[in-house]
Amino acid sequence: MINLENISFTYGQSPCLKNVSLKVKKGESIAIIGPSGNGKTSIIRTINGLIPNYFENGSLQGKVYIDGKKADEFPMWKRGKKVGSVFQDPRTQFFSNKVEGEIAFACENYGLNHDRIMTCTKDIIKQLRLQELEDKNLSELSSGERQKVAIASAMVTKPEVLIFDEPSANLDTEGVDNLKHTLEILKNNGATMVFAEHRIYYLLDIVDRFLYIEDGKIVKEYSKEEIKKISLLQQQKLGIRCPFKTRIKSLKKISKRQDDPVIELDNISLTIKGKNIIKNCSFTGCSGEIIAVLGTNGAGKTTLAKVLCGMYKESQGDILINGKRTNRKKRNKKVWYSANETQTQFFTNSIEKEILIGIDRTTEKLEKARELLKLFNLYDIRDKHPYALSGGQKQRLSILCGLLSDRDILILDEPSSGLDYRNMEILAKTIKNAASMNKTILLITHDYELVNACCTHYYNLSEGNVYES
């Protein structure tokens, strides 16, 4: 069904793929694994035609065949009909404002009549259990909910090939289970699927082969049985997460703390357009603590973070910082918020310039900035543009900016999304380094491996209510 022959791709001066050849039979599913930045996404883009049709500044050699025909003989609209894509950042593939309209868009593009469009759209919404989202604006959705809509949009026209770039990156445990259920249905119906993934436990019953890519080359193939038997050391080298479902280890009881809280929420509620998003939420955080805020997609975790940092104004309740009631404007100066999409908060053309925004450039501050750059492994690339960084590097830069801002409270929203095992460990070490500087850190995440690696406490958020865990 898919045949890549001696594919090499160079973008700018950087070779991304080096003489890659692979075949995927009709009805087969494969997963491309390997550390971040080694070519997984480039293979995905070569199959769906974004390379070279969108990334025109690159140089592509080799041949791509789809269903026995040269891919470059297909016009892009025909290739898109054969190959459905789910990108790592769903926002990059959205065209509509509403969920239902976005899912229907592909059907409209291919000229289906109205009745057929409605039937296909409703069927996929039901299959993926998206009924509660179908009338919402895409801007209202959590990152995990956006991922579900992207998957529905790719599946709605029933392409012969489906390719997924980190489809589980923003999904909670229930969302991953639902994704697995959907993929099993597709597998049983004979779909051909290609995945680029770090988190593979949910794919073990779906994928037939795992291809390990390193430095732009496919260097080894693993069966699912071999993957299940790999050691922790091999797991780290391969860049994959634990091949089994992770549970949270036992953490400290929040109620047993003795220290005075740095931040305290007292019955905080938030109502938007008549809907209660946050309901009577109360919790505390102390200096040096790393507190995970857990919950399903759409539970209100990011909304709560935006209330804490002053982006949203609470409808009722009090927020105290160091024992004092703090209004929205003051919180904005005391709480650092690192968004899930970190690139939206960078403004300059180099790491070094970015960390110096808004700080007093005293000798002491500049020396601290230099030390932190080295501690976070960013010093040698300090002249690099923030947009050119990997996901893990962007997260480290955002945390570094937070530390230099002298804010006592740092909120990190899904910081490990899309990170391989090694970069997740580096991130965990970075977070612990930040906590050791007497910062209070709130970690919004679905990543239980990250929670186990660095968190001291955690709360569960469910339907806008916080529960101690």
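For the sequence shown, the UniProt record's numbering begins at 1 and goes up steadily by one.
Heads up, the beta-carbon is just placed ideally off N, CA and C, and yes, glycines get one too.
Provide the residue(s) that pair with residue i in DSSP beta bridges, ordered along the chain.
i: arginine 209; result: Ile30
i: valine 20; result: Ile7
i: methionine 118; result: Bridge partners of methionine 118: none, in fact.
i: aspartate 165; result: Ala196
i: cysteine 281; result: Ile268
i: aspartate 413; result: Ile444
i: aspartate 318; result: Asp266
i: valine 335; result: Ile409
i: glutamate 214; result: Lys217
i: proline 261; result: Cys286
i: arginine 325; result: Leu320
i: lysine 70; result: Tyr65
i: isoleucine 2; result: Val24 and Ile66
i: lysine 98; result: Asn137
Looking at residue j and residue i, is the spacing between their C-beta atoms short of 7 Å?
i: isoleucine 103; j: alanine 150; result: no
i: glutamine 61; j: serine 96; result: no
i: glycine 285; j: threonine 440; result: yes
i: isoleucine 272; j: glutamate 314; result: no
i: glutamate 214; j: asparagine 6; result: no
i: lysine 224; j: tyrosine 202; result: no
i: alanine 154; j: glycine 84; result: yes
i: arginine 382; j: glutamate 341; result: no
i: threonine 182; j: valine 161; result: no
i: tryptophan 336; j: arginine 407; result: yes
i: lysine 334; j: isoleucine 321; result: yes
i: asparagine 3; j: tyrosine 65; result: yes
i: serine 390; j: serine 36; result: yes
i: valine 99; j: lysine 148; result: no
i: histidine 446; j: aspartate 172; result: yes
i: proline 167; j: valine 219; result: no
i: asparagine 170; j: glycine 190; result: no
i: isoleucine 359; j: lysine 365; result: yes
i: lysine 187; j: isoleucine 200; result: no
i: leucine 138; j: phenylalanine 94; result: yes
i: serine 42; j: leucine 17; result: yes
i: methionine 1; j: lysine 26; result: yes
Between the options, which lies nearest to residue i when the distance is taken from Cα to Cα?
i: glutamate 354; options: Ala106, Thr246, Cys401 and Thr303; result: Cys401
i: proline 415; options: Asp408, Ile409 and Ser398; result: Ser398
i: histidine 198; options: Ala434, Met424 and Arg129; result: Met424
i: phenylalanine 164; options: Asp115, Thr362 and Thr46; result: Thr46
i: asparagine 452; options: Asn438, Ser462, Lys432 and Met437; result: Lys432
i: leucine 461; options: Leu294, Lys324, Gly37 and Gly216; result: Leu294
i: aspartate 266; options: Arg325, Ser287 and Lys306; result: Arg325
i: tyrosine 54; options: Ile32, Arg241 and Tyr11; result: Tyr11
i: lysine 82; options: Glu221, Glu371, Arg396 and Val156; result: Val156
i: glycine 34; options: Asp420, Ser143 and Cys454; result: Asp420
i: leucine 410; options: Gly418, Ser417 and Arg396; result: Arg396
i: isoleucine 290; options: Glu145, Gly239 and Leu443; result: Leu443
i: lysine 237; options: Lys26, Gly323 and Ile227; result: Ile227
i: cysteine 426; options: Phe74, Phe376, Ala388 and Leu141; result: A quick correction: the sequence has isoleucine, not cysteine, at residue 426. It is Phe376 whose Cα lies nearest to the Cα of isoleucine 426.
In this structure, how does DSSP classify residue i when only helix, strand and coil are distinguished?
i: tyrosine 110; result: coil
i: residue 471; result: Summary: the structure shown does not reach residue 471, with the chain confined to residues 1 through 469, and so no result is reported for it.
i: proline 159; result: coil
i: alanine 104; result: helix
i: methionine 424; result: helix
i: cysteine 455; result: coil
i: serine 231; result: coil
i: leucine 294; result: strand
i: lysine 82; result: helix
i: serine 143; result: helix
i: asparagine 276; result: strand
i: proline 15; result: strand
i: serine 222; result: The sequence shown places tyrosine at residue 222, rather than the serine named in the question. In the structure shown, tyrosine 222 sits in a strand (DSSP, three-state: E or B).
i: lysine 136; result: coil
i: lysine 245; result: coil
i: glycine 49; result: coil
i: histidine 181; result: helix
i: methionine 76; result: helix
i: glycine 392; result: helix
i: glutamate 364; result: helix
i: asparagine 170; result: coil
Please report the distance separating the alpha-carbon of residue i from that of residue j.
i: asparagine 19; j: arginine 79; result: 23 Å
i: glutamine 345; j: tyrosine 379; result: 20 Å
i: leucine 403; j: asparagine 297; result: 28 Å
i: glycine 274; j: glycine 300; result: 15 Å
i: methionine 437; j: serine 287; result: 9 Å
i: alanine 292; j: leucine 204; result: 28 Å
i: isoleucine 248; j: threonine 302; result: 21 Å
i: proline 159; j: serine 29; result: 14 Å
i: glutamine 393; j: glutamate 367; result: 21 Å
i: alanine 305; j: serine 338; result: 10 Å
Are any of the Cβ atoms in chain D nearer than 7 Å to that of residue i?
i: valine 86; result: No chain D appears in the structure shown, which is made up of a single protein chain.
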